[in-house]
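Protein chains in written order, with numbering that gives the first Met the number 0: chain A, 0 to 377; chain B, 0 to 377. These notes are about the structure you will find just below.
Number of protein chains: 2
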Amino acid sequence: MRKKLLLSFICLSVAFVSFGQELANFRRVAVTSPEIGETTVTFRFSAPNAKLVRLYGSWMTSYDSSINMMKNDSTGVWSVSVAKPAVELYTYNFIVDGFPSTDPNNVIMQRDGTRYLSVLLIPGELTENYFEANQRGNLEKVWYDSPTIGMSRRMFVYTPYGYNTSGQKYPVLYLLHGGGGDEDAWSTMGRACQILDNLIEKKLAVPMICVMPNGNPGQAAARTLMIPEKTIDRNDPNSANLYVNSLVKDIIPYIEKNYRVIADPDHRAISGLSMGGGHTLSASNLYPGTFSYILPLSMGVGANQTDIDKNLQGVKNAGYKLYWVGVGREDFVWQSAQNLDAALTRNGLEHTFFVTDGGHTWSNWRIYLNTFARLLFK
Amino acid sequence: MRKKLLLSFICLSVAFVSFGQELANFRRVAVTSPEIGETTVTFRFSAPNAKLVRLYGSWMTSYDSSINMMKNDSTGVWSVSVAKPAVELYTYNFIVDGFPSTDPNNVIMQRDGTRYLSVLLIPGELTENYFEANQRGNLEKVWYDSPTIGMSRRMFVYTPYGYNTSGQKYPVLYLLHGGGGDEDAWSTMGRACQILDNLIEKKLAVPMICVMPNGNPGQAAARTLMIPEKTIDRNDPNSANLYVNSLVKDIIPYIEKNYRVIADPDHRAISGLSMGGGHTLSASNLYPGTFSYILPLSMGVGANQTDIDKNLQGVKNAGYKLYWVGVGREDFVWQSAQNLDAALTRNGLEHTFFVTDGGHTWSNWRIYLNTFARLLFK
Numbered sequence: 000m001r002k003k004l005l006l007s008f009i010c011l012s013v014a015f016v017s018f019g020q021e022l023a024n025f026r027r028v029a030v031t032s033p034e035i036g037e038t039t040v041t042f043r044f045s046a047p048n049a050k051l052v053r054l055y056g057s058w059m060t061s062y063d064s065s066i067n068m069m070k071n072d073s074t075g076v077w078s079v080s081v082a083k084p085a086v087e088l089y090t091y092n093f094i095v096d097g098f099p100s101t102d103p104n105n106v107i108m109q110r111d112g113t114r115y116l117s118v119l120l121i122p123g124e125l126t127e128n129y130f131e132a133n134q135r136g137n138l139e140k141v142w143y144d145s146p147t148i149g150m151s152r153r154m155f156v157y158t159p160y161g162y163n164t165s166g167q168k169y170p171v172l173y174l175l176h177g178g179g180g181d182e183d184a185w186s187t188m189g190r191a192c193q194i195l196d197n198l199i200e201k202k203l204a205v206p207m208i209c210v211m212p213n214g215n216p217g218q219a220a221a222r223t224l225m226i227p228e229k230t231i232d233r234n235d236p237n238s239a240n241l242y243v244n245s246l247v248k249d250i251i252p253y254i255e256k257n258y259r260v261i262a263d264p265d266h267r268a269i270s271g272l273s274m275g276g277g278h279t280l281s282a283s284n285l286y287p288g289t290f291s292y293i294l295p296l297s298m299g300v301g302a303n304q305t306d307i308d309k310n311l312q313g314v315k316n317a318g319y320k321l322y323w324v325g326v327g328r329e330d331f332v333w334q335s336a337q338n339l340d341a342a343l344t345r346n347g348l349e350h351t352f353f354v355t356d357g358g359h360t361w362s363n364w365r366i367y368l369n370t371f372a373r374l375l376f377k
Numbered sequence: 000m001r002k003k004l005l006l007s008f009i010c011l012s013v014a015f016v017s018f019g020q021e022l023a024n025f026r027r028v029a030v031t032s033p034e035i036g037e038t039t040v041t042f043r044f045s046a047p048n049a050k051l052v053r054l055y056g057s058w059m060t061s062y063d064s065s066i067n068m069m070k071n072d073s074t075g076v077w078s079v080s081v082a083k084p085a086v087e088l089y090t091y092n093f094i095v096d097g098f099p100s101t102d103p104n105n106v107i108m109q110r111d112g113t114r115y116l117s118v119l120l121i122p123g124e125l126t127e128n129y130f131e132a133n134q135r136g137n138l139e140k141v142w143y144d145s146p147t148i149g150m151s152r153r154m155f156v157y158t159p160y161g162y163n164t165s166g167q168k169y170p171v172l173y174l175l176h177g178g179g180g181d182e183d184a185w186s187t188m189g190r191a192c193q194i195l196d197n198l199i200e201k202k203l204a205v206p207m208i209c210v211m212p213n214g215n216p217g218q219a220a221a222r223t224l225m226i227p228e229k230t231i232d233r234n235d236p237n238s239a240n241l242y243v244n245s246l247v248k249d250i251i252p253y254i255e256k257n258y259r260v261i262a263d264p265d266h267r268a269i270s271g272l273s274m275g276g277g278h279t280l281s282a283s284n285l286y287p288g289t290f291s292y293i294l295p296l297s298m299g300v301g302a303n304q305t306d307i308d309k310n311l312q313g314v315k316n317a318g319y320k321l322y323w324v325g326v327g328r329e330d331f332v333w334q335s336a337q338n339l340d341a342a343l344t345r346n347g348l349e350h351t352f353f354v355t356d357g358g359h360t361w362s363n364w365r366i367y368l369n370t371f372a373r374l375l376f377k
């Protein structure tokens, strides 16, 4: 009877699902999209009444290169096959009569700030660590008190495979997002958990905890939580470094109290992209000796040498193990990153200036994490 | 100089954001949508070339009641103001020339299986516990080994506010999703963390851990992770109860080993909706005495009394503290839920038959959790 009972549950459930989809989602025609073939990728999309549907993918260089999809009038399904782009993680839209839509048949989506985009992940050597590993760590959405900012705030904390049972203590990477992002960015667009899981499983990186805070001091958490925001006057010198102060005074003590971590500078790394690269520079400059691994990404410094040199001398005197700057040749911060490279050389700080093709993109930030995580805590 | 430096980061970040949005999201016109007023809700949507845009919301009873939006031809923005629906959490689509799209200006989205829907949350007494509380627990995405199913699987574990520092042990609610759902369903569509946070902060519920597993035995995790699935023949008697067995043999031991829980039947509750209500019945029938709190939602039993009575006598003899059945009058399982109510009465099991308006909906499942969580572990 249990079997019969269970079968009846299944029938009911199936009935429920189709019913729900019919009601909430009428006229959605389920088609396979995207379909990754040997040499092509096929996109499909049902919009019987649309006049023009175009495909725009992040592998294209501009809107003008978006592609017209062809409609099969007997089914109303638009489709197009494009040459398979190079191995990478891309996002794409369908442009339906001029407005951009995600792919309703692709469950893999990313949120970039307030925008949702469909994801195309082309398998290959570059992206092999972007897929799920066999041994996976956990990701916790953690609320902590920030006396410095004066609110309860949320961060994401990754603990490596085996953390619960190993009993051992771990080093910590503080990984910071950029402008427009939040505490969710590195674990979704950045594939940080998959990259760390794979590198640790392959013994290419040492097991580490990764802390991903929210770098917008006015926000308690990502806007998806609908929590009212505080206005922070960043021009006010007292609040200019509010987030960086809270990182060192609130977040690090919370992590070192609540997780099994090795609580010393040689087991603390800090990295961030764009605005988070700025936070990385501010944190290492304001709190020299706190982080032995300093890795600003897609960020640099201005032309004023005096203050920069004073700061870097402070970092040099406090000591560090790795200073690693990642940037793309086509990044609009290329010049300021070169300023940073020159300032580090001028001040006699041993460092790596890791230059890639491309610009201010998640493609590069994933590559940088997949590269520098192998160098940490060794 | 730090101030100047930080300001330059901000300028760069802003540049980056606009740049990124321009490239990835051209022609998206940012408008305010939805805008919740005193008596109306206004939806806005830019689609200059669309011929017909309709609004479909889950508060409407059928597709035919979807509403035509009006286009302002000078701006290409479509908009409509509707009478504010009753206080509740709703989902909605824009139907653009016949195809359903989410609202590109609403960051609040839900995934129901493979579908994404925009969310409209009307504030009021019914929904006050669906918003973020002041004191919030953490949510962890946990990987555990399931020898019973033969794979590493993911579940979500909610720990209440103060768990990290209290040092105390907690009771556990095992909360199961329905057909088409996964481990993500209760914490998103079900607002489970917000409901528990609010009830615990208001001292209406005792602090508890809430475990939300994935009830599809062929899946390691939600499909958003792109992990290949196993085919499970549910007609095979050996696999018919595979998930329920893994819940009792793999999940409960993992939770009781890795979290500070009170590991006895009086501090274990099990509830689930639809298919998860079936799992709740199977788990309590197959493992009598394991759960002192048994709460099947929107589920029932067939007409065959002999086996049902045998199972319920087993539950009765093993003992329990609360047997609570929730269902809506318009639910397509209404008859089978009435069968369950009758069977419980016939067999002399004290129980609550909690009947609401409405049908097989998340609206009801949120109401049931918001109701029964106050009764647990007291």
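Cβ coordinates follow ideal geometry from the N, Cα and C atoms, glycine included.
Going by C-alpha positions, A:Ala191 is about 13 Å away from A:Asn363. The Cβ of A:Pro47 sits closer than 8 Å to at least one Cβ of chain B. Here B:Gln109 carries a strand assignment [DSSP, helix/strand/coil]. Assigned with DSSP and collapsed to three states, B:Glu87 falls in coil, not helix or strand.
Membership of B:Phe42 in the beta strand (DSSP E) is indicated by the continuous run Thr39 to Ser45. Closer than 8 Å to the CB of B:Ser270 there is not a single CB belonging to chain A. Beta-bridge pairing by DSSP links B:Pro295 to B:Gly271.
Look at A:Glu124 here: in three-state DSSP terms it is coil, with no helix or strand label. Considering only beta carbons, the part of the stretch 119-136 of chain A lying closer than 9 Å to chain B consists of Leu120, Phe130, Glu131, Asn133, Gln134, Arg135 and Gly136, in chain order. Restricted to the stretch 217-283 of chain A, the beta strand (DSSP E) segments that are unbroken, complete and at least 3 residues in length are 267-272, listed in chain order. Using a Cβ-Cβ cut-off of 7 Å, B:Lys320 is close to nothing in chain A; its nearest Cβ partner there is about 24 Å away.
The beta carbon of A:Arg233 sits closer than 7 Å to those of Ala239, all from its chain and outside the five residues before and after it, given in chain order. Contact of A:Met108 with chain B by beta-carbon distance below 9 Å involves Met108, Arg110, Tyr115 and Thr223.
Asn163, Gly177, Gly178 and Gly179: these are the residues of the stretch 162-184 of chain B whose beta carbon lies less than 7 Å from some beta carbon of chain A, given in chain order. Contact annotation for B:Glu139 against chain A: Asn137, Leu138, Glu139 and Lys140 [CB-CB distance below 8 Å, chain order]. Under the 8 Å criterion on CB atoms, A:Phe290 is classed as non-interfacial with respect to chain B.
Take A:Val40, set aside five residues on each side of it, and the residues of its chain with a beta-carbon closer than 6 Å to its own are Pro33, Val81 and Lys83, in chain order.
B:Ala302 and A:Tyr173 have their C-alpha atoms some 58 Å from each other. For B:Leu368, there is no enclosing beta strand (DSSP E); the residue is found in the alpha helix (DSSP H) stretching over Trp361 to Phe371. Within chain A, the residues whose beta carbon sits less than 9 Å from that of B:Asp96 are Ala46, Pro47, Asn48, Ala49, Lys50, Val95 and Asp96, listed in sequence order. Chain B places no beta carbon closer than 8 Å to that of A:Ile35, leaving this residue out of the contacts. At least one CB of chain A lies nearer than 8 Å to the CB of B:Ser151. Contact note: B:Ser78 does not reach chain A at a C-beta cutoff of 9 Å; the least C-beta distance is about 14 Å. The beta carbon of A:Leu294 lies closer than 6 Å to those of Ser270, Trp323 and Phe371 in the same chain, with the five residues before and after it left out. If you compare the alpha carbons of A:Leu321, A:Leu285, A:Lys70 and A:Asp340 with that of A:Gly313, the shortest gap goes to A:Leu285. Straight across, the Cα-Cα distance linking A:Val260 with A:Ser273 is about 27 Å. For B:Ile208, the enclosing beta strand (DSSP E) starts and ends at Ile208 to Met211. Within the stretch 204-228 of chain A, those residues whose Cβ lies closer than 9 Å to any Cβ of chain B are, in chain order, Ala219, Ala220, Ala221, Arg222, Thr223, Leu224, Met225 and Ile226. The Cβ atoms of B:Lys140 and A:Asn137 lie closer than 8 Å to each other. For B:Ser100, the chain A residues whose C-beta falls within less than 9 Å of its own C-beta are Val95, Phe98, Ser100, Thr101 and Pro103, listed in chain order. One Cα belongs to A:Ser291, the other to A:Leu241, and the distance between them is close to 22 Å. A:Leu198 and A:Arg373 do touch by the CB rule: their CB atoms are close to 6 Å apart, below 8 Å.
In this structure, B:Gly299 lies away from B:Gly327, with their beta-carbon atoms at least 8 Å apart. Considering only beta carbons, the part of the stretch 242-261 of chain A lying closer than 8 Å to chain B consists of Asn257, in chain order.
Secondary structure at A:Asn163: helix, using DSSP grouped into helix, strand and coil. In this structure, B:Leu116 and B:Thr101 form a Cβ contact; the two beta carbons are roughly 7 Å apart against a cut-off of 8 Å.
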